[in-house]
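**Student:** Each residue of the sequence shown is one higher than the last, beginning at 28 in the working numbering.
Ideal Cβ positions, reconstructed from N, Cα and C, are used throughout, including at glycine.
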Amino acid sequence: MFRNGRDLMRRLKQTLLSTRGSIYIEAAFILPLVVVILTASLEYGFYFAWQSKIERINYALSSVFRERGALYNTDETLSQAQANQLADLAAVMLGEQYRSQLCLTVESLSFQDNTKERKVALHQTFSVNGSRCPVVNTPLTQFAAMSPLTIRGRWLPLYQVTLSVPAPESTLHKLLNNIQVLPAWVTVSNVVLAR
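#1: Within 10 angstroms of its Cβ, does S68 collect 16 or more other Cβ (buried), or is it exposed?
#2: Work out the CA separation of T177 and T142 for me, nearest whole Å.
#3: Thinking V63 and L105 are a contact (beta carbons under 8 Å), I'd like their distance in whole angstroms, please.
#4: Looking only at DSSP bridge pairs, what is C130 linked to?
#5: Tell me whether R33 counts as near the ligand NAD, meaning its Cβ is closer than 7 Å to at least one heavy atom of that ligand.
#6: What span of residues does the alpha helix (DSSP H) with L113 cover, start to end?
#7: List the DSSP bridge partners of Y186.
#8: For the putative contact between L183 and L220, defined by C-beta atoms under 8 Å, what is the C-beta separation to the nearest angstrom?
#9: Per DSSP, what kind of secondary structure is T177 in: helix, strand or coil?
#10: State the beta-bridge partners of Q151 as determined by DSSP.
#11: Does Y125 pass the burial test, meaning 16 or more other C-beta atoms within 10 Å, or should it be called exposed?
#12: Quick one: what does DSSP say T165 is sitting in, helix, strand or coil?
#13: Look at the alpha carbon of R95 and the alpha carbon of Q187, and state the distance between them as a whole number of angstroms.
#14: Between A87, R145, E123 and W212, which lies nearest to G157 when the distance is taken from Cα to Cα?
#15: Closest to G180 by CA distance: which of L202, E144 and L116 is it?
#16: Any idea what DSSP makes of T66, helix, strand or coil?
#17: Are L136 and T168 touching if we call contact CB-CB under 8 Å?
#18: Do L129 and L190 come within 8 Å of each other at the CB atom, strictly closer than that value?
#19: What does a CB cutoff of less than 8 Å around S15 pick up in its chain, not counting 5 residues either side in sequence?
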């Protein structure tokens, strides 16, 4: 093929100086860059798909408290057992491998009946695995103005459900987590009224 080193060098020089050679060099730099950008886009999309799944699950969990009248015989007070039941439901929806990793906080805010002003009668907070999770939710007392006065002169109780799950592990997430662009936990919080 090549008779000596000179032929090799001459061919290499011709390839580098020809337009075909410049295309090879550009391709050598552009293709890895395109692969990195596509991989990062896919992983970023997976992160947002996971966040969307957590939002849907948390909405479903919040709906359980919205329908307290049917599910808990109009009992408006919360208990740790109810928070544990909700965490079990979240683990079923997420997958059993997340049971030990998920954090769930449930808050309720009840008001005194037959008053023209909103006066808090009972504020409760229960959590499952709450010690290992970041606290980012806004206290439910700041949403007290959302409670409407019913025709019967009663303020509807408010419930807040906060679900935190570790973000999916990926190369992009590890890189962006180190520079604190993407959080290590996906946390979603919903406030609902009882029906």
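**Tutor:** Well, looking at it:
#1: S68 should be labelled exposed.
#2: Each residue's Cα considered, the two are about 11 Å apart.
#3: Taking the Cβ atoms as the reference, V63 lies roughly 48 Å from L105, outside the contact range of under 8 Å.
#4: Assignment of beta-bridge partners to C130 by DSSP yields S191.
#5: The ligand NAD is not part of this structure, which contains no ligands at all.
#6: Q107 to L121 is the span of the alpha helix (DSSP H), which, as asked, contains L113.
#7: Answer is S135 and V219, bridged to Y186.
#8: Correct: roughly 5 Å between the Cβ atoms.
#9: Per DSSP, reduced to three states, the secondary structure at T177 is coil, with no helix or strand assignment.
#10: Beta-bridge pairing links Q151 to S135.
#11: That one is exposed.
#12: Residue state for T165 is assigned as coil, using DSSP reduced to three classes.
#13: The straight-line gap from Cα to Cα measures roughly 13 Å.
#14: Of the listed residues, the one whose Cα sits closest to G157 is W212.
#15: Residue E144 is the option with its Cα nearest to G180.
#16: In the three-state reduction of the DSSP assignment, T66 falls in the helix class.
#17: Yes; because the gap between Cβ atoms is below 8 Å, this pair is in contact.
#18: Contact: yes.
#19: Outside the shown range of the chain, which is 28 to 222, sits residue 15, and nothing can be said about it.
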